[in-house]
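A short worksheet on the structure shown next.
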Amino acid sequence: MPERWETVIGLEVHVELSTKSKIFCACSTAFGGSPNTHCCPVCMGLPGTLPVLNQKVLEYAVRAGLALHCTIDRETRFDRKNYFYPDLPKAYQISQLYRPIARGGYVDIGGKRIRIHEMHMEEDAGKLIHSDYGHETYPDYNRAGVPLLEIVSEPDFRYGAEVVAYLEKIRSLFTYLGISDCKMQEGSMRADVNLSVRRVGESGYGTRTETKNINSLRAIEHAIESERSRQIHILSGGGAVVQETRHWNDDTKSSTAMRSKENAPDYRYFPEPDLPVIHISEDFLQTARDSLPEFAEARQARFVSEYGIPEKHAARLTVRRETAELFEAVVSHGADARDAANWLIVHVPHVLRTLSEGVEDIAPDAAELAELIRSTEGGAVSRADGLQILEALLSAEGPFRVADYIREHGMSVENDEGALEDVIRRVIEANPKAVGEYHSGKTKAIGFLIGQAMKELKGKSTPAAVHERMEAALK
Amino acid sequence: MGQYVTEIRCGGAVAVDDTIQVKGYETRAGSRILEGFRPLFSAEAVERLERAGYEIAGKSAVGEFGLDLLGEFAHGGANLDASGALRGAAAELVAAGSVKGALCVDLNGTPRRAAALSGVDFLKPTYGTVSRYGVIPCACSGEQIGVTAKAAGEVRELLRVIAGHDPKDGTSLPTETYSYNDGKAVAGMRVGLVRELSAAASDAVQARVTNCAGRLRGLGATVDEISLPLSDAARTAWNLLLCAETCNNVSRYDGVKFGYRSPDYRNIDELYVNSRTEGLNFLTKAVILYGSDVLSKGRYFTCYDKALKVRRLVWEQVKALFKDYDALLCPACAETAYRPYDIKDAFATVFAESLFTAVPNLTGLPAMVSGGVQFFADTLQEGTLLNLAEALEGGSAK
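What follows is the structure, encoded as structure tokens:
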């Protein structure tokens, strides 16, 4: 009988915070600047410089800790983590080991609770760019000193899908908090996977490995599957897993050993003497608690009960906080909730694709969007015109009035009452065969006539309005 | 004087130890590893002096990173007086009247020792009162810029200029300015003479301390012999913390971005190893090895963390003494003169001598050397120390 194996996974997630300036100096954190242009003596680690904590980082960290249901340490402090590598200008990283800002939280994914061991603040290192030819390495310190949160989970995962759900949940929480954009491809969210396997029924843990350099959710599932198979293969053959750090290569879909436990660096942590202990007051904590938004899950449930929209739509609308807020604003300006949901889920993304813009690039005026949805769904403008107006609204720079646009472009169906009657008369005269079919009981023939009329109207009316008048004219 | 002065550009102004950055001046901290390093900015204390209209005379020589006894292992060589005894560069410049005063970093008592041997004053103020921004870092948790000058009045004048909150230093105390006029008057002052420290000094130094006690009584103070049993433990704890923090702080010197680079390397590892082998002296290497050891995984809780506990205990013991005493009196060093010695003995020599100086570094309390003896005072009681020095120098006691 084949042995059955269980996978045990713990995760170390690094999230870059979206503060404007770095954690210990005033340099910009903007992504993608020319190498070494967002640097100063402090983040370059020049002697004589001293770190000063960016208060925004503390605020973001406390809110993140609360969102993860952690206990916030009211006397938190930083430690120095020693490692000598060219990406680290001071030869130590300012991090937290002994008194991390947050401990003991959890994240619920589906029906399962993943426990958080601790979460701490630290500074990011620089980036090394290796030349394609020759042996040169170019350090870029733009990223050195960008604030990070590291979230260390308990070994509570058993499947890759749980890991993905967990990362998506953290991304949802943190983007709702507005503290990070959590983009794995850009490196603003990174995950290291600690994995071991054991025979089903065993209670102890097997020897674990840590896999680094995983840059997407797909890659993480591949990396987990690959490492799980590798370890089972070793153990089934009577071998032993070596405790080591492994490097994931997404091109070959395989990992290679980086360093074993014997070669593991001793980071020689000690309390950072340049930064005093941080005392977190009850006021500070309360302000942070009060600032927590209604997160996606709660909002989704409320949208279903409050607006009567389908669960599926509520889920789509609450992926991004901005979309959810826009939905509610549009509804509050008089748009029907189901129509608003439909527009935000179907039409807005469609128009954005034609504009080659991302949903994060737009912030349309909710009142105008509501006006547009009402006009279109109420039949005051045709659907084709509605979408054209939407495109104009989404690409407008500065104020945009839907009503003005409709008037200026002669789109109003009511205004064209005479034209509509003319077109219908002409279509009836030009298509005696279809009219005959209709009168002989083949009522479906009206569809052809409406189509002809719509073609002539070039979208200046709605099918419903044409249908109504066509029926009347055929009587 | 040329041999121990890194670069003096004008007299009658203020010298700055080579462990403190001055924009435009090469800053080597006495080490070959920083050869050619010209900082991009001046230390906050230097900026304050310049803003107040003081001229920077130049850089005074220090031993490598200020780790030695008196600057004897400076990259440029030791500084000796006519008799062949070791002298501190800044203290000698002040004693000779070449400069009005000097800014010196008190890392392990060096400027206090130097002041005692050259017969000038040095005051290490309370930790956090003078910004450390621009100090070549070694032991960040206890090193502090202080002032060397000929008389207490000048120390007070210069200290007022450089002290005060600096937002660039996270450990800087919030007070914006200090007057140093708020000290206790010497008449009626209660002074404790630290038995353990006095007993550890040579007869000549003990006699100096006893003589000082007599003069203080003459000025209306009471002097009692007291005990500070943890002074020995304080020395061990401070040296341990100092080695650990220094080891960490000097690991940024790799010969790549600035400072000395060995001409002899074939790859990056050789560049690192050779630059450090040639760029750092034996004492610094000993400090690095010791510091690296006490921070290692198996030793952190038995060594480093213990030292932090000792720091708290010493603090409590000294604070308890300051309930009954306004100042403590003790020697600044064991001898009245030191001869050049082999660098292989430097670690042990500095350790031995730091018995007299470690408590203020460990606890952050202010300490002052004047007339060849040393005083400790409670947090922010620099005014009391200056009053003591002024009275002993025969000035008007406040």
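Residue numbers (the numbering used here), protein chains in the order written: chain L, 1 to 475; chain R, 1001 to 1398. Glycine residues also receive a C-beta, built at the ideal position from the N, C-alpha and C atoms.
Query: Euclidean distance between Cα positions of lysine 1306/R and serine 1098/R; Result: 44 Å
Query: Same chain only: Cβ atoms within 8 Å of aspartate 1166/R, ignoring 5 sequence neighbours per side; Result: Glu1044, Ser1131, Tyr1133, Ser1172
Query: Counterpart residues of isoleucine 179/L in DSSP-defined beta bridges; Result: BP columns for isoleucine 179/L are empty, so no partner.
Query: Rounded separation between glutamate 154/L and glycine 1030/R - CA only; Result: 49 Å
Query: Leucine 1283/R at chain L interface by Cβ criterion, 8 Å; Result: no
Query: Stretch pair the segment 1144 to 1160 of chain R + the segment 1291 to 1301 of chain R: three plus CB contacts closer than 8 Å; Result: no
Query: Any non-hydrogen atom of the ligand HEM within 7 Å of proline 1331/R CB; Result: In terms of ligand content, the structure shown is empty, and the ligand HEM therefore cannot be addressed.
Query: Opening and closing residue of the beta strand (DSSP E) in which histidine 233/L lies; Result: It is not in any beta strand (DSSP E) - histidine 233/L instead sits in the alpha helix (DSSP H) that spans 217 to 236.
Query: Valine 330/L beta carbon less than 8 Å from that of alanine 366/L; Result: yes
Query: Partners in chain R for tyrosine 85/L, counting only beta-carbon separations shorter than 9 Å; Result: Per Cβ cutoff of 9 Å: no residues; tyrosine 85/L is ~10 Å from chain R at best.
Query: is_contact[aspartate 1018/R, chain L] using C-beta, thresh 8 Å; Result: no
Query: Proximity test, Cβ basis, 8 Å: alanine 1043/R and chain L; Result: yes
Query: Helix, strand or coil at cysteine 1333/R according to DSSP, with G and I counted as helix; Result: coil
Query: Members of the segment 1124 to 1148 of chain R near chain L, C-beta cut-off 7 Å; Result: Arg1132, Tyr1133, Gly1134, Val1135, Ile1136, Pro1137, Cys1140, Ser1141
Query: Partner residues on chain R for leucine 275/L, Cβ-Cβ distance less than 9 Å; Result: Gly1170, Thr1171
Query: Phenylalanine 1070/R (DSSP reduced to helix, strand or coil); Result: Checking the sequence shown, residue 1070/R turns out to be leucine, not phenylalanine. Coil at leucine 1070/R, not helix or strand.
Query: Under the three-state DSSP convention, the category proline 147/L falls into; Result: strand
Query: Other residues of its chain near threonine 256/L: CB distance less than 6 Å, five sequence neighbours each side excluded; Result: His247
Query: Cα-Cα separation, lysine 81/L to aspartate 87/L; Result: 14 Å
Query: Burial state of tyrosine 205/L, where buried means 16 or more other Cβ atoms lie within 10 Å; Result: exposed
Query: Closer than 8 Å to chain R by CB, threonine 19/L; Result: no
Query: Straight-line Cα distance separating cysteine 39/L from tyrosine 141/L; Result: 7 Å
Query: Interface residues of chain L facing serine 1251/R [CB-CB closer than 9 Å]; Result: Asn82, Phe84, Lys90, Ala91, Tyr92
Query: Rounded Cβ spacing between leucine 355/L and glutamate 322/L (contact assumed at less than 8 Å); Result: The Cβ separation is near 17 Å, so there is no contact.
Query: Counterpart residues of valine 1281/R in DSSP-defined beta bridges; Result: Rather than valine, the amino acid found at residue 1281/R in this sequence is asparagine. DSSP lists no partner for asparagine 1281/R.
Query: Same chain, Cβ closer than 6 Å to leucine 137/L, five either side skipped, listed in chain order; Result: Looking at the sequence provided, one finds threonine at residue 137/L rather than leucine. So the qualifying residues of the chain are Leu128, His130.
Query: Segment contact flag, the segment 1081 to 1095 of chain R with the segment 1036 to 1051 of chain R, C-beta cutoff 8 Å, min 3 pairs; Result: no
Query: Span of the alpha helix (DSSP H) around aspartate 290/L; Result: 282 to 290
Query: Chain-ordered chain R contacts of proline 51/L [CB-CB under 7 Å]; Result: Gly1170
Query: Residue burial classification, glycine 1383/R (beta-carbon count within 10 angstroms, cutoff 16); Result: buried
Query: Where the alpha helix (DSSP H) containing tyrosine 405/L begins and where it ends; Result: 402 to 408
Query: Sequence-distant residues of the same chain with beta carbon closer than 6 Å to proline 1106/R, five excluded per side; Result: In the sequence on display, residue 1106/R carries aspartate and not proline. Same-chain partners within the cutoff: Lys1124, Gln1144, Gly1146.
Query: Distance between glutamate 1316/R and aspartate 1203/R (C-alpha atoms, nearest Å); Result: 30 Å
Query: With 16 other Cβ atoms within 10 Å as the buried cut-off, status of histidine 1075/R; Result: buried
Query: 8 Å Cβ cutoff, valine 15/L in contact with chain R; Result: no
Query: Inter-residue Cα distance where the pair is leucine 1385/R and leucine 1219/R; Result: 15 Å
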